[in-house]
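Quick notes on the structure that follows.
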Amino acid sequence: MLLIKRYTLFILVILFASFITDKCIAQNEDATISDYSELNNNELQNINLPPLSLLFENAKKSPTYQFQENDILIQKMLLSKQKRDFLSFFSIRGSYQYGKVANDAYYSDVYTPATTNFSSTTQNLYSAGAGLSISLDKLFDIRPSIKRQRLAIRSVELERDIKYEEMKKQIIELYSSVMLNISTLKICNDAMIQTTVQYEYVENKFANGKATPIDLATTKSIQSQAKQAFETCKNTLIRDMMTLELLSHTSLFKKK
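Our numbering puts the first residue of the sequence shown at 1, with every later residue one more than the last.
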């Protein structure tokens, strides 16, 4: 029976460990950041962001929020234990004994030959009892301790809400930055196209002797500045989107 209990406990531990592992893997999959190298410039400029409410809700999957949730759960379990603290005043005891009592007697004198007498009896002994021991200090502290534990739960809940508000502020800032950079990227892309066309036009005139080297160099410089502005805006946009995905646990685009 003891072996069966140990085997059952071992199976339960294995199943629990497997559940925790699968849950951690699922959370890690939720936190996967999209590969923005798959997006071309046109797709990047036409990304439609999900609503803020969805990002806020999915942010609850983050380790920071889940850590606070677990802390609240622990405090609530401690409250349940605190409510049962009066049971420590009572004690129950019991015992059971089983055995055999044997008597081996040997008798002999000058008139009686040696005789041996053996006897045994089976005995079952039971004992049960209960006790009551009340500590006045602990007795009068039951209600205050329960109140303190409820306040501890409320404190942890407020701490969770504070951290959640901070996360939402970061999400809002990144969300606004992404929207601004998407618009800016479109402007930078148009400017880059225009400067490229202008450079090709001046380059063609230079080849025909109708433009000076200074004109060509100036146009090339303007084109380079436009390309640099586009790449800077693009990198900023991708960085903010990746950070936003990390905070909100939400993919901002789906590759078709």
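By construction, the Cβ of each residue, glycine as well, lies at the ideal position given by its N, Cα and C atoms.
As the structure is a computational prediction, the values presented were derived from the model and not from experiment.
6 Å CB neighbourhood of residue i in its chain, flanking five on each side removed
i: Ser248; result: Leu55, Asn58, Ala59, Ile171
i: Arg93; result: Gly129
i: Met192; result: Ala226, Lys227, Phe230
Cβ-based burial, residue i [other Cβ within 10 Å; buried from 16]
i: Tyr98; result: exposed
i: Thr122; result: exposed
i: Glu245; result: buried
i: Leu237; result: buried
i: Lys234; result: buried
i: Leu183; result: Checking the sequence, you will find Ser at residue 183 rather than Leu. Classification of Ser183: exposed, given that the 10 Å Cβ count is below 16.
i: Ser62; result: buried
i: Leu252; result: buried
i: Gln225; result: exposed
i: Tyr175; result: buried
i: Val202; result: buried
i: Arg84; result: exposed
i: Arg160; result: buried
i: Gln194; result: exposed
Reference residue i; option with closest CA among the options
i: Lys227; options: Tyr199, Pro50, Ile72, Met77; result: Tyr199
i: Phe140; options: Ser120, Phe89, Ile47; result: Phe89
i: Met270; options: Ser119, Met179, Thr212; result: Past the edges of the chain, shown from 1 to 256, lies residue 270, and the structure says nothing about it.
i: Val156; options: Lys81, Lys76, Tyr175; result: Lys76
i: Ala137; options: Phe86, Ala102, Lys169; result: The question names Ala, yet the displayed sequence has Asp at residue 137. When only C-alpha atoms are compared, the closest one is Phe86.
i: Glu43; options: Thr196, Lys83, Lys186; result: Lys186
i: Gln149; options: Ser135, Ile214, Ser95, Lys81; result: Lys81
i: Asn181; options: Arg143, Leu49, Ile33; result: Leu49
i: Ser127; options: Ser120, Thr116, Ser95; result: Ser95
Spatial neighbours of residue i in its chain, beta-carbon cut-off 8 Å, leaving aside the 5 residues before and after
i: Leu15; result: For Leu15, the pLDDT reaches just 45, beneath the cut-off of 50, and the residue's location in the model is therefore unreliable, leaving the point undetermined.
i: Leu132; result: Phe89, Phe90, Ser91
Distance between beta carbons of residue j and residue i, contact taken as under 8 Å
i: Ile146; j: Leu78; result: Not confirmed; about 10 Å, so no contact.
i: Cys188; j: Ala152; result: Cys188 to Ala152, Cβ: 53 Å. No contact.
i: Ala211; j: Lys205; result: 4 Å
Segment contact flag, the stretch 155 to 164 with the stretch 60 to 72, C-beta cutoff 8 Å, min 3 pairs: Segments in contact, yes.
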